[in-house]
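Student: Here you go, one structure.
Protein chains: 2
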Amino acid sequence: MTDFAATRRAFHLPQGITYLDGNSLGPMPVAARDRVARMMADEWSEMLIAGWNKAGWYVQPRRVGDRIARLIGAGPGQVVMGDTLSIKVFQALSAALRLRPGRRVILSDSGNFPSDLYVAQGLAQAVGAELRVVPPEDVEAAIAPDLAVLMLTEVDYRTGRRHDMAALTARAHQAGALAVWDLAHSAGAVDVDLTGADADFAVGCTYKYLNGGPGAPAFIWTHPRHADAAQPILQGWMGHDAPFAFDLDYRPASGIERMRVGTPPVIALTALDAALDVWEGVGLADLRARSIDLTQAFVAGVEARCPDVTLNSPRDPARRGSQIGFRHPQAYAVMQALIAAGVVGDFRAPDVLRFGFAPLYNDLDDVERAVDTLARVLRDGIWDDEKFRQKAAVT
Amino acid sequence: MTDFAATRRAFHLPQGITYLDGNSLGPMPVAARDRVARMMADEWSEMLIAGWNKAGWYVQPRRVGDRIARLIGAGPGQVVMGDTLSIKVFQALSAALRLRPGRRVILSDSGNFPSDLYVAQGLAQAVGAELRVVPPEDVEAAIAPDLAVLMLTEVDYRTGRRHDMAALTARAHQAGALAVWDLAHSAGAVDVDLTGADADFAVGCTYKYLNGGPGAPAFIWTHPRHADAAQPILQGWMGHDAPFAFDLDYRPASGIERMRVGTPPVIALTALDAALDVWEGVGLADLRARSIDLTQAFVAGVEARCPDVTLNSPRDPARRGSQIGFRHPQAYAVMQALIAAGVVGDFRAPDVLRFGFAPLYNDLDDVERAVDTLARVLRDGIWDDEKFRQKAAVT
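Respectively, the protein sequence lines represent chains A and B.
Under the working numbering, the first residue of the first sequence carries the number 9, and numbering increases by one thereafter.
Under the working numbering, the first residue of the second sequence carries the number 9, and numbering increases by one thereafter.
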């Protein structure tokens with residue numbers, strides 16, 4: 009059994025705050041602060057350029073990738089770190105498109121994070137592909153024989169709705185297409201199993217449930233069947249077969265290494281590496297069970313006590329990730345009042361109160377306080393009373 | 009007059025080391041370590057998600073960009089930070105290509121850093137452009153009326169040869185083409201003047217002469233005449249006109265903001281921001297004068313005392329950056345012996361000893377020690393004697 013009291017203690021959580029926004033930015037693991045300080049003092053300071061070998065900076069993107077692999081159902085040597093999620097979406101999508109020559113349709117849904125759609129639009133325009141965007145519930149029906157790539161975010165950033173990765177991937181494969189999955193709201197939140205789902209490419213960020221810090225590097229996974237065939241458009245020296253031969257012509261490295269582009273962000277990767285220590289000993293089944301306990305308790309509590317809000321997430325926990333949304337006509341002001349009272353979730357336009365539950369550090373006390381505070385804010389109608397914030401901030 | 013003794017004191021330089029590899033990775037400014045520790049403890053820890061506004065993380069890429077602008081002859085609001093240099097090359101090059109519809113030739117040279125050529129190859133293949141690579145001395149003659157983009161690195165990473173940015177840009181413009189400049193070995197090393205040279209796009213890294221730390225973020229500059237017309241292929245949410253409206257369609261932000269892609273790397277940008285403090289009060293003319301003093305003294309010293317090496321950099325300081333290369337048939341072994349003796353330069357295949365002189369922290373004592381050590385290593389023929397390293401390491 010995973011010891012979630014111990015994982016909670018690994019974080020610095022500000023006094024008096026119930027933090028339910030780890031699906032936007034995870035809190036700081038204490039080890040991240042200490043490890044970065046040590047890296048600055050012992051590695052950059054003292055080793056200088058030799059740190060690339062001596063301190064292992066050069067292999068860090070693969071080594072850290074291996075640590076994430078376990079959390080997403082991938083094997084060792086299949087994940088590499090770097091860049092941002094948007095860049096990794098571009099790489100995965102462009103590589104997938106090239107593996108389906110003669111086809112030009114990319115299918116996504118309107119529940120995808122907008123940046124993924126922007127990336128797809130930019131790529132489609134540049135290479136003459138076509139992006140089709142349908143509502144999330146219509147994705148399966150829209151998988152047609154002309155499809156090149158199905159590109160989806162597994163867990164919807166607003167509603168928490170979780171796509172059935174295995175089923176949709178199978179449908180895409182039946183149509184002769186490939187499936188690219190964005191795990192931004194999945195990795196570290198639910199029991200992702202890329203290998204079991206037989207996905208083709210996956211990408212994700214590490215500043216949410218993986219707690220790597222603001223703007224922490226992204227990851228990319230390629231199924232081994234594609235790893236030596238994928239041809240990324242973004243060809244950088246770190247993805248070259250022999251970066252330090254300084255050849256004038258690009259020759260991709262074998263395997264996932266070719267998805268590296270430029271010089272890796274060592275300080276940020278060091279923070280992330282330390283943040284991943286918290287995951288040692290955490291079982292994904294335990295993680296999922298705790299996530300469901302927390303979200304179910306929150307839904308039940310809010311529905312029992314807050315008649316003015318409407319659930320904006322699937323009721324069936326099997327069909328959602330680790331976040332819960334409720335709609336309220338004054339959602340923005342309500343969230344401001346909640347934050348002022350020490351319960352930090354976030355607002356998503358036009359009317360959604362969003363609450364993320366991170367099994368590593370959130371517990372049933374957090375749920376209880378969030379329910380109580382939301383009920384009080386709504387009951388007293390104080391969300392638009394400026395004075396409330398002053399009062400609430402000191403209680 | 010710039011106080012270079014003071015700028016030198018701002019760095020942590022390891023005991024007993026003469027560091028002449030700041031053109032690969034700059035040493036740590038003490039403020040970088042302290043600032044990152046403070047950012048972790050006061051911002052990420054305590055502000056959590058609110059740090060994006062409260063601590064100014066969201067505007068950091070522009071704010072830090074403005075600090076770099078001064079060092080490259082650009083104006084405020086014209087530079088933005090993020091990603092890696094290879095990604096920024098891709099953005100600048102793709103945007104420049106699109107500004108020259110109907111033309112498809114990219115011209116570069118074999119002295120360019122290979123990653124720039126790899127990026128251009130990947131882009132050219134994807135969009136049907138053609139990359140022509142000529143020797144550095146043939147660039148001017150190769151600027152033809154079919155040229156779309158001239159893409160060069162101002163200072164050659166091996167030889168230190170400096171292109172005449174103003175003259176080549178003018179030639180490119182006469183041919184109806186645009187000029188993209190990579191400032192990797194220029195920014196913080198020489199008196200770059202993008203505005204004076206009338207360049208179109210520029211990119212650079214910050215881990216060399218700008219001392220931002222291993223893998224520090226890159227920068228990109230767009231001339232104001234193109235800033236609202238440039239259409240990057242890499243369309244990410246941070247470059248959207250209204251990132252938090254979560255529109256499904258991309259609409260580029262005005263100006264340089266559209267060159268942002270994903271979530272910015274806050275920890276790394278914080279280290280870089282602190283590193284840029286050292287530049288306050290540093291005049292570019294002083295910087296250039298000191299660079300020339302150091303490199304001239306090094307060339308004169310080595311040529312007077314080391315008959316076995318051949319200068320691999322332009323003799324005229326006006327035609328080179330802030331680094332000096334010498335060729336020696338056993339260059340790799342010689343560099344190992346130098347490093348063992350505490351003089352850190354680096355080796356570039358096949359036979360180049362490369363020494364970078366960073367005016368902010370290198371001084372004439374460094375030059376003297378480097379010359380003495382190189383002369384001794386070569387005179388005694390001890391570069392391939394394993395025992396030498398042991399002895400040298402303790403002297």
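A virtual CB, placed ideally from N, CA and C, is assigned to each residue, including glycine.
This structure is a prediction, so every number in the text was calculated from the model and none was measured.
Are the beta-carbon atoms belonging to B/N219 and B/G353 less than 8 Å from one another?
Tutor: The answer is no: Cβ separation not under 8 Å.
Student: How big is the Cα-Cα spacing for A/A175 and A/D117?
Tutor: Whole-angstrom Cα-Cα distance: 16 Å.
Student: Any idea if B/K62 is buried or exposed, counting beta-carbon neighbours within 10 angstroms, 16 or more meaning buried?
Tutor: Exposed, by the Cβ-count rule.
Student: Name the DSSP bridge partner or partners of B/G212?
Tutor: DSSP, once it has assigned bridges, lists B/F227 as partnering B/G212.
Student: Does B/R4 come within less than 8 Å of chain A when only Cβ atoms are used?
Tutor: Examination of residue 4 of chain B is not possible in this model, given that chain B is present from 9 through 403 alone.
Student: Go ahead and pull the three-state DSSP assignment for A/W65.
Tutor: The answer is coil: DSSP assigns A/W65 none of H, G, I, E or B.
Student: Between which two residues does the beta strand (DSSP E) carrying A/F334 extend?
Tutor: A/F334 -> beta strand (DSSP E) spans Q331 to R335.
Student: Leaving out five residues before and five after A/F209 in sequence, what residues of the same chain have Cβ atoms less than 6 Å from its Cβ?
Tutor: Within the same chain, A/F209 has close Cβ partners A100, A104, V188 and T230.
Student: Roughly how many angstroms lie between the CA atoms of B/D268 and B/G73, to the nearest whole one?
Tutor: Checking the displayed sequence, the identity of residue 268 of chain B turns out to be Arg instead of Asp. So the two alpha carbons sit approximately 11 Å from each other.
Student: Given that B/Y27 touches chain A, what residues does it touch there, using C-beta distances under 9 Å?
Tutor: The answer, in chain order, is L56 and I57.
Student: Using a Cβ-Cβ distance cut-off of 8 Å, determine whether B/D91 contacts chain A.
Tutor: Yes, contact with chain A.
Student: Among the candidates B/D50, B/I332, B/M9 and B/A150, whose CA atom is the shortest distance from the CA of B/R170?
Tutor: Measuring from the Cα of B/R170, the nearest candidate turns out to be B/I332.
Student: Name the two residues that bound the continuous beta strand (DSSP E) containing B/A58.
Tutor: That residue, B/A58, is in no beta strand (DSSP E); it is neither H nor E in DSSP.
Student: Where does the unbroken alpha helix (DSSP H) through B/S194 begin, and where does it stop?
Tutor: It is not in any alpha helix (DSSP H) - B/S194 carries neither H nor E in the DSSP assignment.
Student: For the segment 255-284 of chain A, which residues have a CB atom closer than 8 Å to at least one CB atom of chain B, in sequence order?
Tutor: For the segment 255-284 of chain A, which is checked against every Cβ of chain B, the residues closer than 8 Å are D255, L256, D257, Y258, V269, G270, T271, P272, P273, V274, I275, A276, L277 and A279.
Student: Please tell me whether A/A132 has its Cβ less than 8 Å away from any Cβ of chain B.
Tutor: Taking Cβ atoms only, chain B never reaches closer than 8 Å to A/A132, which makes this a no.
Student: Could you tell me which uninterrupted alpha helix (DSSP H) segments, each at least 4 residues in length, are contained entirely in the segment 49-136 of chain B, listed from first to last along the chain?
Tutor: If we require 4 residues or more, the alpha helix (DSSP H) runs fully inside the segment 49-136 of chain B come out as 59-62, 68-77, 93-106 and 122-135.
Student: Find the residues of chain B that neighbour A/M159, judging by a C-beta separation of less than 8 Å, and give them in chain order.
Tutor: Result: empty, since nearest Cβ-Cβ is about 14 Å, beyond 8 Å.
Student: Please list the terminal residues of the continuous beta strand (DSSP E) segment that includes A/D354.
Tutor: First-last of the beta strand (DSSP E) with A/D354: D354 to R356.
Student: Using 8 Å as the limit for Cβ to Cβ distance, is B/D354 near chain A?
Tutor: It does: the Cβ of B/D354 has a partner Cβ on chain A nearer than 8 Å.
Student: Tell me the residue span of the alpha helix (DSSP H) that contains A/F254.
Tutor: Per DSSP, A/F254 belongs to no alpha helix (DSSP H) and is neither H nor E.
Student: Taking a cut of 7 Å between CB atoms, which residues from the segment 135-168 of chain B lie near chain A?
Tutor: Result list: V135 and V141.
Student: So A/F365 is in the alpha helix (DSSP H); what residue range does that whole segment cover?
Tutor: No alpha helix (DSSP H) contains A/F365, which DSSP labels as neither H nor E.
Student: Give a yes or no on whether the minimum CB-CB distance between B/H248 and chain C is below 8 Å.
Tutor: You won't find chain C in this structure, because its protein chains are A and B.
Student: Quick one: which chain B residues come within Cβ less than 7 Å of A/S321?
Tutor: Within chain B, no residue comes near A/S321; the closest Cβ sits about 17 Å away, beyond 7 Å.
Student: Any beta-carbon of chain B closer than 8 Å to the one on A/H20?
Tutor: So yes, A/H20 belongs to the interface.
Student: Is the beta carbon of A/A185 closer than 8 Å to that of A/V157?
Tutor: Their beta carbons are under 8 Å apart, which means A/V157 touches A/A185 by this criterion.
Student: How do the segment 37-46 of chain A and the segment 268-279 of chain A stand: do at least 3 beta-carbon pairs fall below 8 Å, yes or no?
Tutor: Touching, per the Cβ criterion.
Student: Between the alpha carbons of A/L361 and B/W245, how many angstroms are there, rounded?
Tutor: The straight-line gap from Cα to Cα measures roughly 21 Å.
Student: If B/L242 sits next to A/G130, beta carbons under 8 Å apart, how far is it from one beta carbon to the other, in whole angstroms?
Tutor: Correct: roughly 6 Å between the Cβ atoms.
Student: Buried or exposed: where does B/E51 fall if 16 or more other Cβ atoms within 10 Å of its Cβ makes it buried?
Tutor: Its Cβ being crowded by 16 or more others within 10 Å, B/E51 is buried.
Student: Helix, strand or coil, according to DSSP, for B/E138 in the structure here?
Tutor: Reduced to three states, the DSSP call for B/E138 is strand.
Student: What's the call for A/P260, buried or exposed, on a 16-neighbour Cβ count within 10 Å?
Tutor: Classification for A/P260: buried.
Student: Between A/L139 and A/D154, what straight-line distance do the alpha-carbon atoms span, to the nearest angstrom?
Tutor: Each residue's alpha carbon lies about 12 Å from the other.
Student: Leaving out five residues on either side along the sequence, give the residues of the same chain with a beta carbon under 6 Å from the beta carbon of A/P367.
Tutor: If we look at A/P367 and ignore the five residues flanking it on each side, its Cβ neighbours are L295, R298 and S299.
Student: Closer than 6 Å by C-beta to B/R71: which residues in its own chain qualify, once you throw out the five before and the five after it? Chain order, please.
Tutor: Nothing listed; no residue qualifies.
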